[in-house]
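Structure, as structure tokens:
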DNA sequence: ATATAGATGTTC
DNA sequence: AACATCTATATC
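Numbering (the numbering used here), first residue to last: 1 to 193.
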């Protein structure tokens, strides 16, 4: 499967968020390769979105990559966990897509080693903090490109049953929390609750 | 099966 | 002080 070129990321954020469903997210480490199908995403459209870190064009050390060209990696540490985002929008348009869940595909034994003591299979990757740990993504990936190793996205499989919904976990974002900017594959067992 | 609380680190 | 979360524990 081919790595998606940078030009792929030049489409509008909401369209890209939907398009990412079913693609293959890959991470290579010294331990080996692990990958999963993307089954859930959320769009964060900076200037107009109170829930985005870049709301009102707030530019800090943390949000810096979002102001660059699309197709780059924005990792962010929340509590003890690390979250992955795909930067989208043109230069100086701070937009990004949060990857919330994947379905394990390659490197299952690695994923199992990184997330032991799990009762059900789906609990390994059905949340933004879980999937990063499962695939071995961390802050060292910040600022990298999704079209270059070691962290990249390739073509995937065709998907059906794309569903939109309201975003999760952003209670204090005013009107913005009602925007239907969450995309997921209906009937897939690996999406978050 | 669902619900609730508590712990965690980084940023502002 | 706020938060784009996870896990354990408790209860049905």
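Ideal placement from N, C-alpha and C gives every residue a C-beta, glycine not left out.
Excluding the 5 residues preceding and the 5 following residue i in the sequence, name in chain order all residues of the same chain whose CB lies nearer than 8 angstroms to its CB.
i           : result
residue 32  : 107 and 110
residue 120 : none
residue 132 : 75, 81, 82, 83, 84 and 138
residue 57  : 46, 47 and 94
Can you list, in chain order, the residues of its chain with a C-beta nearer than 6 angstroms to that of residue i? Leave out the 5 residues immediately preceding and following it.
i           : result
residue 54  : 46, 63, 66 and 94
residue 3   : 147, 152 and 154
residue 40  : 100, 101, 184 and 191
residue 174 : 50
residue 129 : 81
Give me the residue from the options with the minimum Cα distance to residue i.
i           : options              : result
residue 160 : 89, 18, 152 and 180  : 18
residue 91  : 12, 34, 135 and 40   : 12
residue 125 : 103, 117, 35 and 136 : 103
residue 172 : 1, 52, 10 and 40     : 52
residue 30  : 165, 181 and 149     : 149
residue 101 : 168, 7 and 8         : 168
residue 188 : 178, 5 and 38        : 38
residue 186 : 61, 165, 175 and 34  : 165
residue 142 : 113, 73, 1 and 61    : 73
residue 156 : 60, 105 and 44       : 105
residue 86  : 118, 44 and 1        : 44
residue 194 : 68, 42 and 61        : The structure shown does not extend to residue 194, since the chain spans only 1 to 193, so no value can be given for it.
Take residue i and list the residues in its own chain whose beta-carbon comes closer than 7 angstroms to its own, dropping the five residues that flank it on each side.
i           : result
residue 139 : 75, 77 and 82
residue 88  : 9, 13, 16, 70, 95, 96 and 97
residue 180 : 164, 165 and 166
Could you check how far apart the C-beta atoms of residue i and residue j are, in whole angstroms? I think they sit under 8 angstroms.
i           : j           : result
residue 23  : residue 153 : 5 angstroms
residue 36  : residue 25  : 6 angstroms
residue 170 : residue 177 : 5 angstroms
residue 145 : residue 115 : About 26 angstroms; that fails the 8 angstroms criterion.
residue 34  : residue 127 : No, residue 34 and residue 127 are not in contact; Cβ-Cβ is about 16 angstroms, not under 8 angstroms.
Who does residue i pair with in a DSSP beta bridge?
i           : result
residue 185 : 162
residue 142 : Looking at the DSSP assignment, residue 142 forms no beta bridge with any residue, so it has no partner.
residue 20  : Bridge partners of residue 20: none, in fact.
residue 27  : 34 and 151
residue 51  : In DSSP, residue 51 forms no bridge with anything.
residue 210 : The chain is shown only over 1 to 193; residue 210 falls outside these bounds and no answer can be derived.
residue 77  : 82
residue 170 : DSSP output for residue 170 lists no bridge partner at all.
residue 9   : According to DSSP, residue 9 bridges with nothing at all.
residue 72  : 145
At which residue ranges does the stretch 83-137 contain complete alpha helix (DSSP H) runs of 4 or more residues, listed in the order of the chain?
-> Listed in chain order, they are 108-114 and 128-135.
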